[in-house]
Structures are given as structure tokens and as C-alpha cells.
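Everything on this sheet refers to the single structure shown next.
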Ligand code: 13P
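In the working numbering, the protein residues as written are 4 to 251.
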């Protein structure tokens, strides 16, 4: 039985004050023995969240990590810096990074490796655009995005990672993949990993992301290969986020 994981991605939202109150409100809804819940915050708020979440059930992650270890890379944040901020997770390859900031399959694989070198669990985001789905390219796209990481990091590296399937057409649009549409892709991802290592395929958490809300989370999370969610908009509201967490 795989442990489930509900992860919020706050994206570029909030202020220091609102971030602290959102974090407090989420923590107030958790019990000491709750596990499998995390939030990915903007870099500049990670220090405050580190102080607030020490010894709490809530884990913290970053929304990206540099593809280099250190040096003259103005504006970048390294994995060792995230480690200092007590990050458990780092997203890599989010579609907004791929489409607006030019993160490539290759640089995403480097980011994945950089995170792991510091013991941070990379959350590899993959998913197709609407045009790619309509052209029947969904499986080719997610396979290509997954293979780029496996080729660079090796299949064993997936043991300490999480995958998030986020169809780009479902992100922030209010249109979610149906339970069956999502399950079909999750199953294919797990089978592709199983072809190389069945133990890792059985264990790896594959999250769904894209307009997940309290109203649709239960159905999605009940699917055999959907192990949790990566939640954008609904994670900015503590009550909605906790409701999704409790719906597992
Ligand atoms: P929404 O939940 O707002 O669609 O965002 C999903 C997402 O991109 C999480 O990383």
C-alpha cells in the first residue's frame, strides 16, 4: 500500500503575512500523527515556514531548484540552500517553468539530480498540452519527459522521488481530467517504470494535478494509480486544502 501525499503549490501568490496565516490555518487542521501533506512556497517565504513548521506534520517544499550546484548563476537558488531552509521537496519541471521560463527536459533532469544530491525529494512534473492530447501525443510526451530523467539520473534514482502528472489543459482552467483519463496516464507511467524496475514502480507516488478541488478529489484519489494530488488554486484556501487531504 503506497503512502498518499497531498501537496499544495502556492505558485507566485500571497505576501509574508498571508503566507504565515495560511500556514497556521493548515497546521491548526492537522494532528501530530498526520503524514503525507506538504506545501511548496515561494523561495523568499521558506525561511519563515521553516520556523513555523519545525516539529509539525506539515512538510515544506520549493517550487523549483537550480540545475547547477553553485557559482555564477544570478537569480538561481541551489539545492543546498533549500536544504538549509529544511525543504523536504522541490518541484522540478512544472509546466509553467517549461512554458514560460524555458526549462527543458535536460535542465529538468539536472534539477532533479541536484535536489537528490542534497537529499531533497524531487517532484517531477510531467504532462501534455491540449494540442498534444488532441494530436494523440499524450503518452509520447509524458514518456519523453520521464525518460529524460531516467536517462540522466538512472532508474534507481526514482526510488526517492515523486511524479506529478499534470495535464497542462487542466491547470488553472477549472477543467479537470476525468478520473478515468487521469488513471489511464498514471497507469501508463507506472508501467513504463515497471518495465525497468517493478519494485520502484510499485512504491513511487504518482500525484495528479490540474484543477483538483474538494468536489472532485475523492473520485480522482480513489483511482488505483493516483496516490495523491498537487494542488494549485485550492491550496490557497486552508479549508479546501484540508478537505482534499481528509478526502483520501
Ligand atoms: P490548479 O490546481 O490551480 O489547477 O494548479 C495545478 C498545478 O499547477 C499544481 O502544480
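Cβ atoms here follow ideal geometry from the backbone N, Cα and C, with glycine treated the same way.
Legend entry - Own chain partners of residue 6 with C-beta closer than 6 Å, once the 5 adjacent residues on each side are dropped: Translated into the one-based positions of the chain shown, residue 6 becomes position 3. Only 39 meet the Cβ criterion.
Inset, instruction - Enumerate, from N- to C-terminal direction, the unbroken beta strand (DSSP E) stretches of 3 or more residues contained entirely within the segment 199-236. - result: 208-212 and 231-234
Inset, instruction - Pick helix, strand or coil for residue 43, following the three-state DSSP scheme. - result: Residue mapping note: residue 43 aligns to position 40 of the chain shown, counting from 1. If DSSP states are grouped into helix, strand and coil, residue 43 belongs with the strands.
Inset, instruction - Please go through the segment 25-70 and give each complete beta strand (DSSP E) segment of 3 or more residues, from N-terminal end onward. - result: 40-44 and 62-65
Legend entry - Segment contact flag, the segment 154-170 with the segment 204-215, C-beta cutoff 8 Å, min 3 pairs: yes
Inset, instruction - Compute every distance between the C-beta of residue 233 and the non-hydrogen atoms of the ligand 13P, then say whether any falls below 7 Å. - result: Along the chain shown, one-based indexing puts residue 233 at 230. Residue 233 Cβ: within cutoff of the ligand 13P.
Legend entry - For residue 241, three-class secondary structure by DSSP: Start at 1 with the first residue of the chain shown, and residue 241 comes out as number 238. If DSSP states are grouped into helix, strand and coil, residue 241 belongs with the helices.
Inset, instruction - Measure the C-alpha to C-alpha separation of residue 207 and residue 125 and round it to an integer number of angstroms. - result: Translated into positions along the chain shown, residue 207 becomes position 204. Translated into positions along the chain shown, residue 125 becomes position 122. Rounded to the nearest whole angstrom, the C-alpha separation of residue 207 and residue 125 is 12 Å.
Legend entry - Identity of the residues DSSP links to residue 124 by a beta bridge: Sequence index remark: in the chain shown, residue 124 carries index 121 (1-based). Paired residues: 92.
Inset, instruction - Identify the continuous alpha helix (DSSP H) that holds residue 84 and give its terminal residues. - result: As a position in the chain shown, residue 84 is number 81, starting the count at 1. Taken as a continuous stretch (DSSP letters only), the alpha helix (DSSP H) holding residue 84 covers 82-87.
Inset, instruction - Out of 238, 34 and 63, state which residue places its alpha-carbon closest to the alpha-carbon of residue 48. - result: The residue labelled residue 48 in the question sits at position 45 within the chain shown. Of the listed residues, the one whose Cα sits closest to residue 48 is 63.
Legend entry - Whether residue 203 touches residue 162 by CB criterion (8 Å): Counting from one through the chain shown, the residue named residue 203 turns up at place 200. Counting from one through the chain shown, the residue named residue 162 turns up at place 159. Yes, Cβ-Cβ distance for residue 203 and residue 162 is below 8 Å.
Inset, instruction - State the Cα-Cα distance for the pair residue 153 and residue 60, rounded to the nearest angstrom. - result: Working through the chain shown from its first residue, we reach residue 153 at position 150. Working through the chain shown from its first residue, we reach residue 60 at position 57. Straight-line measurement puts the Cα of residue 60 at about 31 Å from the Cα of residue 153.
Inset, instruction - Find out if the Cβ-Cβ distance for the pair residue 193, residue 228 is shorter than 8 Å. - result: Residue mapping note: residue 193 aligns to position 190 of the chain shown, counting from 1. Residue mapping note: residue 228 aligns to position 225 of the chain shown, counting from 1. The answer is yes: Cβ separation under 8 Å.
Inset, instruction - Could you tell me if the beta carbon of residue 131 falls within a distance shorter than 7 Å of some heavy atom in the ligand 13P? - result: Looking up residue 131 in the chain shown gives position 128. Not under cutoff, so the answer is no.
Legend entry - Opposing strand residues paired with residue 8 [DSSP bridges]: Within the chain shown, numbered from 1, the residue matching residue 8 stands at position 5. BP columns for residue 8 point to 231.
Inset, instruction - With hydrogens ignored, establish whether the beta-carbon of residue 246 is closer than 7 Å to any heavy atom of the ligand 13P. - result: Locating residue 246 in the chain shown gives position 243, counting from the first residue. No, the beta carbon of residue 246 sits no closer than 7 Å to any heavy atom of the ligand 13P.
Inset, instruction - Could you tell me whether any Cβ in chain B is nearer than 8 Å to the Cβ of residue 190? - result: Although the question refers to chain B, the structure presented lacks it and comprises just one protein chain.
Inset, instruction - Count the C-beta pairs between the segment 71-91 and the segment 117-133 that are closer than 8 Å, then say yes if the count reaches three, no if not. - result: Short answer: they touch.
Inset, instruction - Return yes when the C-beta of residue 16 is under 7 Å from any heavy atom of the ligand 13P, and no when it is not. - result: The sequence position of residue 16 within the chain shown is 13, counting from 1. Flag unset: Cβ of residue 16 not near the ligand 13P.
Legend entry - Residues near residue 36 by beta carbon distance below 8 Å, same chain, minus five either side: The residue labelled residue 36 in the question sits at position 33 within the chain shown. Hits under 8 Å: 60.
Legend entry - Whole-angstrom C-beta distance between residue 117 and residue 70, which should lie under 8 Å: Looking up residue 70 in the chain shown gives position 67. Looking up residue 117 in the chain shown gives position 114. So it is a contact: roughly 6 Å between Cβ atoms.
Legend entry - Start-to-end residues for the beta strand (DSSP E) that takes in residue 178: Here the question's residue 178 lines up with position 175 in the chain shown. Where residue 178 is concerned, there is no enclosing beta strand (DSSP E), given that its DSSP letter is neither H nor E.
Inset, instruction - Would you check if the distance between the CB atom of residue 93 and the CB atom of residue 65 is smaller than 8 Å? - result: Within the chain shown, numbered from 1, the residue matching residue 93 stands at position 90. Within the chain shown, numbered from 1, the residue matching residue 65 stands at position 62. In this structure, residue 65 lies closer than 8 Å to residue 93 by Cβ.
Legend entry - C-alpha distance - residue 81 paired with residue 133, whole-angstrom precision: Residue mapping note: residue 81 aligns to position 78 of the chain shown, counting from 1. Residue mapping note: residue 133 aligns to position 130 of the chain shown, counting from 1. Roughly 32 Å between the two C-alpha positions.
Inset, instruction - Return yes when the C-beta of residue 189 is under 7 Å from any heavy atom of the ligand 13P, and no when it is not. - result: The sequence position of residue 189 within the chain shown is 186, counting from 1. No, since every heavy atom of the ligand 13P falls outside the 7 Å radius drawn around the Cβ of residue 189.
Legend entry - Residues near residue 182 by beta carbon distance below 7 Å, same chain, minus five either side: Translated into the one-based positions of the chain shown, residue 182 becomes position 179. Within the same chain, residue 182 has close Cβ partners 222, 223 and 226.
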